[in-house]
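In the numbering used here, the protein residues as written are 1 to 807. Even for Gly, the Cβ is constructed at its ideal location relative to N, Cα and C. For reference, the structure discussed in these notes is given below.
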């Protein structure tokens, strides 16, 4: 049966109290991913399926029924491999990523949001005498509330809490950052109350990336080279914190979401949600105080402060960070970049899903254009409202550009296949099986033939590869030096490395059809990315075997096993770009290289003996010649054990002949883009898109009071949380059904599946949402009416393809 991997990349917007709605969304994403993992863990599934130890919730069982129904025609495996969040979205992204990385529950976070996300608990402790004096102003405050806020505060609870809030300290942040840190620490550690994590929801050989935006209040000075003067300086306030968990192909989980990294994650949550004016800026000193008061440690403190926050010096504890939404409220860019390098175990359906609780049509509904805005309204809009609503058109156009590259890549490979196959078959021996030495010789001959046929185009190809290797080595050196405590804010090593490489290219211009041996030597020693692209191309070839029309095609489990071994080889190559792969001697050389700095006149010294020593040591540690022989042996021997006849021959030819494809594709893509030769479709989750249970539309309570509304009313929090779950369930069903055109379910069955999901959510939460009793009954009555033949007034939109369907 055809198998597809539905890959979700999630983006959570900022939105203050709308975080509660986003928590409901994140719960449903986790339920679907966990249901898929448990289905994949059945006895006849792929060998890389993770084991999920937690008891199944009612909603998870309902998602299992959805996957079972879809599985009658297409087996769909759901994976979340990238998450980005800003402000309130960053907090939810952190919790969801930790849950996926270690298969942990987030059920208990419902109470975290419903109980703690209240202005009376968020508020800092007040001076009693000052509060007493302000209490005499209550009648005037009531009139202000009634006159200025009108219908937004018509409920007694909201009015009372708003009055108390206005009696708090003026001209100082009203909310307690230390209390928020304490709750986040409890929430993160409470995820393991059922026991230590026993698994992961990340498939073997894959990884999960989390990106959290924060704003560096002070900023970091950046030096940019120009013509005259030699350089300029600017201040950069945007910072993106990245956390990753990798389920190694060879086994084991390398995770930055474990219990030893909880303090790192909590600081990221505190910083990204530090709304200006509501909280004091986040500092390391504040985090230290909270941990000390609780008697807890911060195991990774020094590395986090140095490597993630880039802080050095004596005042780093007081360095200030504020809300991530100030500089990036809609963090598309890091996710789009991350998913370009994702391997997949089967055919991929890629979906980028962004959560927007208040789409523009809602958020703009109360804005008047008939009168000039007042003094304070303009200032507030300029500082908060407008930056938080920057358009996403540029990001969506970038996605469409990537889709065009993917379509071009697929067409180019298809068109080149006959020509390359003919050229490779002239090089390959006639015998069906090959020894490792024969694979090595054929691979080198194919490389030489491809370079010779490229003619003058080889010059551009070679220059791009040298430049890419120089950039990678520069980045490696800087990371190694940072680990030695070096300040890297003004360092750029790539020109120095590239200049040294260029010294080896003198003979190429005179003989373009015969590449310089010195250049080939550099690439053979350092060009790891080429090897990764070649292996991923081999994986692409194996992927075509799963659904080949030939009934004698290889067994899926044999293909899975071969791909698992190839991913292990890719993993062993990738780790060579990590600083953990190198010893202290190499790190010391990197620090010495960085300490040399760069010349202010823009003439970097490429002949430095320190640079030569660094490159020699790195090359020795990479040991690429030995690795190439190991990979050749795999394709000669182990591949022959899982494949027979033309299937084996096709895989060997793809591996040996890859140089022909790389000459055409790399100059255009300039990245390792063979992991997913697919297009990215974009989906939105918002109340505006979900009409199954709210045919007339739905407005979130938390959008009131400039998105602080849910902090002032428990019933509003319950409302937004429940509808976050219901909206997400509706949209996730649509996204799953769109994964393949081969998925065809009757409308009646789709409704029965959705109804089962909605009922499961209502059953799980009804006892925890006392204020929602009447609305829950109304929802159930609406579903019963539909069972009797009522129809949906307006269908929720499915995924849209940027540039073709909907913009």
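Check: Within 10 angstroms of its Cβ, does residue 203 collect 16 or more other Cβ (buried), or is it exposed?; Outcome: buried
Check: Going by the beta-carbon positions, is the gap between residue 17 and residue 766 smaller than 9 Å?; Outcome: no
Check: Check whether the stretch 272-286 and the stretch 189-197 touch, using three or more Cβ-Cβ pairs below 8 Å as the test.; Outcome: no
Check: Three or more beta-carbon pairs under 8 Å between the stretch 229-249 and the stretch 173-184, yes or no?; Outcome: no
Check: Indicate the three-state DSSP secondary structure (helix, strand or coil) for residue 244 in the structure shown.; Outcome: strand
Check: I need the DSSP call for residue 739, collapsed to helix, strand or coil.; Outcome: coil
Check: Which first and last residues belong to the beta strand (DSSP E) in which residue 219 is found?; Outcome: 207-225
Check: Between the stretch 312-328 and the stretch 264-272, are three or more C-beta pairs nearer than 8 Å?; Outcome: yes
Check: Around the C-beta of residue 215, are 16 or more other C-beta atoms found within 10 angstroms, so that it is buried, or is it exposed?; Outcome: buried
Check: Can you look up residue 394 in the DSSP assignment and give me helix, strand or coil?; Outcome: helix
Check: Return the bridge partner residues of residue 780 from the DSSP annotation.; Outcome: Partner(s): none; residue 780 has no beta bridge.
Check: Please return the same chain residues whose Cβ sits closer than 7 Å to the Cβ of residue 129, not counting the five positions on each side in sequence.; Outcome: Confidence at residue 129 is low in this model, with a pLDDT of 43, below 50, so its placement is unreliable and the value that follows should be read with caution. For residue 129, where only same-chain residues beyond five positions count, there are no Cβ hits under 7 Å.
Check: Quick check on DSSP: helix, strand or coil for residue 238?; Outcome: strand
Check: Taking the beta carbon of residue 544 as the centre, do at least 16 other beta carbons fall within 10 Å, making it buried, or is it exposed?; Outcome: exposed
Check: Let me know the alpha helix (DSSP H) ranges lying completely inside the stretch 431-505, each 4 residues or longer, listed in chain order.; Outcome: 436-454, 457-482, 494-502
Check: Leaving out five residues on either side along the sequence, give the residues of the same chain with a beta carbon under 6 Å from the beta carbon of residue 78.; Outcome: 6, 32, 33, 36
Check: Hey, how far is the Cα of residue 632 from the Cα of residue 440?; Outcome: 6 Å
Check: Mind reading off the beta-carbon distance from residue 842 to residue 573? Whole number of angstroms is fine, and I expect it under 8 Å.; Outcome: The structure shown does not extend to residue 842, since the chain spans only 1 to 807, so no value can be given for it.
Check: CA-CA distance, residue 682 and residue 84?; Outcome: 15 Å
Check: Using a Cβ-Cβ cutoff of less than 7 Å, which residues in the same chain neighbour residue 568 once the five nearest sequence positions on both sides are dropped?; Outcome: 249, 250
Check: Would you decide whether residue 713 is buried or exposed? Buried here means 16 or more other CB atoms lie within 10 Å of its CB.; Outcome: buried
Check: Note down, in chain order, each residue of its chain lying with its Cβ closer than 6 Å to the Cβ of residue 76, except the 5 sequence neighbours on either side.; Outcome: 4, 6, 70, 739
Check: Looking at the unbroken beta strand (DSSP E) that takes in residue 104, where does it start and where does it end?; Outcome: Unbroken run through residue 104: none, as it is neither H nor E.
Check: What is the DSSP secondary structure of residue 60, counted as helix, strand or coil?; Outcome: helix
Check: Going along the chain, which unbroken runs of the alpha helix (DSSP H) with 4 or more residues stay wholly within the stretch 521-569?; Outcome: 528-546
Check: Assuming residue 21 contacts residue 702 (C-beta within less than 8 Å), just tell me the rounded distance between them.; Outcome: 6 Å
Check: CA-CA distance, residue 243 and residue 209?; Outcome: 6 Å
Check: Between residue 727 and residue 29, is the Cβ-Cβ spacing less than 9 Å?; Outcome: no
Check: Drop a sphere of 10 angstroms on the beta-carbon of residue 408, count the other beta-carbons inside from all chains shown, and report buried for 16 or more, exposed for fewer.; Outcome: exposed
Check: Do residue 614 and residue 477 have their C-beta atoms closer together than 9 Å?; Outcome: yes
Check: What do you get for residue 554, buried or exposed, if any count of 16 or more other CB atoms within 10 angstroms of its CB means buried?; Outcome: buried
Check: Residue 392 and residue 352 look like a contact to me (Cβ under 8 Å); what is the Cβ gap, rounded to whole Å?; Outcome: Actually they do not touch by this definition, with Cβ atoms about 11 Å apart.
Check: Spell out whether any CB of chain E is found under 9 Å from the CB atom of residue 349.; Outcome: Absent here is chain E; the protein component of the structure consists of one chain.
Check: Quick one: give me the first and last residue of the alpha helix (DSSP H) that residue 701 is part of.; Outcome: No alpha helix (DSSP H) contains residue 701, which DSSP labels as neither H nor E.
Check: With DSSP run on the structure shown, which of helix, strand or coil describes residue 280?; Outcome: coil
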